[in-house]
Amino acid sequence: MIIAVDGPAASGKGTVARALARHYTLPHLDTGLLYRAVAENVRRLELDPTVEADAVAASNFDDALLDDPVLRGDDAGQRASIVSAHPLVRAALLQRQRKFATQPGGAVLDGRDIGTVIAPNADAKLFVKATPQIRARRRHAELKARGSTISLDKVLADIRARDLRDTGRDAAPLVMAVDAGILDTSFLSIESAVKRAIELVERQVALKARAGH
Numbered sequence: 003m004i005i006a007v008d009g010p011a012a013s014g015k016g017t018v019a020r021a022l023a024r025h026y027t028l029p030h031l032d033t034g035l036l037y038r039a040v041a042e043n044v045r046r047l048e049l050d051p052t053v054e055a056d057a058v059a060a061s062n063f064d065d066a067l068l069d070d071p072v073l074r075g076d077d078a079g080q081r082a083s084i085v086s087a088h089p090l091v092r093a094a095l096l097q098r099q100r101k102f103a104t105q106p107g108g109a110v111l112d113g114r115d116i117g118t119v120i121a122p123n124a125d126a127k128l129f130v131k132a133t134p135q136i137r138a139r140r141r142h143a144e145l146k147a148r149g150s151t152i153s154l155d156k157v158l159a160d161i162r163a164r165d166l167r168d169t170g171r172d173a174a175p176l177v178m179a180v181d182a183g184i185l186d187t188s189f190l191s192i193e194s195a196v197k198r199a200i201e202l203v204e205r206q207v208a209l210k211a212r213a214g215h
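So this is what it looks like as structure tokens:
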């Protein structure tokens, strides 16, 4: 079973995807980490993230980089939003993601174009969203816990800027798949959001099973 989980930054899609992976005993891939790894590699190689050729050159990284805590930082996230807008970077990482999605038994992937580009034939698709203000508060709390002194206003501005880049880019923009189930986590606890996510997955799988008969 392949489960695609899409949504904007700090919507809760990663938390939901990891919970679904545990529930269904499936491997999980946070595809955003791939772009964060490219962004970090760009930084280490002293290249320019706004230059497509530089970002592509940094796309061939070792899997060990995905475990580096620096990828979880806000700086890596901001740079990732820039490099992910390059069509050739997305193309370079496409097969890596599809290979993960189509492994025997299936997988859970979360990102911004899973249900539309990476796994358009996924058994279940979710689009996780929340208001920009709530997403900013969540991200601000995460960063503060890591010792960051960034202001909430700055985080909100960054969230809005990332939304504009993600939805406005030409290559695989953030958009909800037409057959995705909407999960608004704005006012849900983690437990409630996960419960609702499982319900949505079960409903979609059941509908597809019936349609197949």
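If you count by my numbering, then the sequence shown holds residues 3 to 215, one letter each, in order. All residues carry an ideal CB built from backbone N, CA and C; glycine is no exception.
Extent of the continuous alpha helix (DSSP H) to which residue i belongs
i, result
"residue 102", "89-103"
"residue 85", "76-85"
"residue 1", "Since the displayed the chain opens at 3 and closes at 215, residue 1 lies outside it and no answer follows."
"residue 185", "Premise fails: residue 185 lies in the beta strand (DSSP E), 183-186, not in any alpha helix (DSSP H)."
"residue 154", "154-170"
Contact check, residue i vs residue j, beta carbons under 8 Å
i, j, result
"residue 187", "residue 14", "yes"
"residue 128", "residue 213", "no"
"residue 216", "residue 116", "Missing from the structure shown is residue 216; the chain here goes from 3 to 215 and no further."
"residue 137", "residue 12", "yes"
"residue 103", "residue 38", "no"
"residue 130", "residue 9", "yes"
"residue 216", "residue 17", "Outside the modelled stretch of the chain, which goes from 3 to 215, sits residue 216, for which no answer is possible."
Proximal residues to residue i (C-beta, below 8 Å), its chain only, five neighbours per side dropped
i, result
"residue 202", "126, 128, 183 and 185"
"residue 19", "5, 7, 30, 32, 110, 111 and 112"
Member of the options whose CA lies at the smallest distance from the CA of residue i
i, options, result
"residue 92", "3, 43, 18 and 33", "33"
"residue 26", "208, 205, 206 and 200", "200"
"residue 95", "147, 149, 40 and 158", "40"
"residue 155", "166, 134 and 171", "134"
"residue 80", "63, 55 and 51", "51"
"residue 105", "210, 3, 38 and 176", "3"
"residue 148", "9, 38 and 77", "77"
"residue 88", "10, 64, 55 and 62", "55"
"residue 124", "24, 206 and 35", "206"
"residue 114", "145, 157, 160 and 166", "166"
"residue 90", "57, 122 and 70", "57"
Delimiting residues of the beta strand (DSSP E) encompassing residue i
i, result
"residue 130", "126-131"
"residue 200", "It is not in any beta strand (DSSP E) - residue 200 instead sits in the alpha helix (DSSP H) that spans 192-214."
"residue 110", "109-113"
"residue 5", "4-8"
"residue 31", "30-32"
Contact set for residue i: own chain, Cβ-Cβ below 6 Å, skip 5 residues either direction
i, result
"residue 98", "none"
"residue 215", "Annotation note: pLDDT 49 at residue 215 (below 50); position unreliable, coordinate value reported separately. Excluding residues within five positions, none has a Cβ falling inside 6 Å."
Straight-line gap, residue i to residue j (C-alpha atoms, nearest Å)
i, j, result
"residue 59", "residue 43", "9 Å"
"residue 107", "residue 72", "31 Å"
"residue 22", "residue 196", "7 Å"
"residue 209", "residue 180", "15 Å"
"residue 68", "residue 74", "10 Å"
"residue 173", "residue 84", "12 Å"
"residue 61", "residue 171", "19 Å"
Chain B contact for residue i (CB, 8 Å cutoff)
i, result
"residue 114", "This model lacks chain B altogether, as it is built from one protein chain only."
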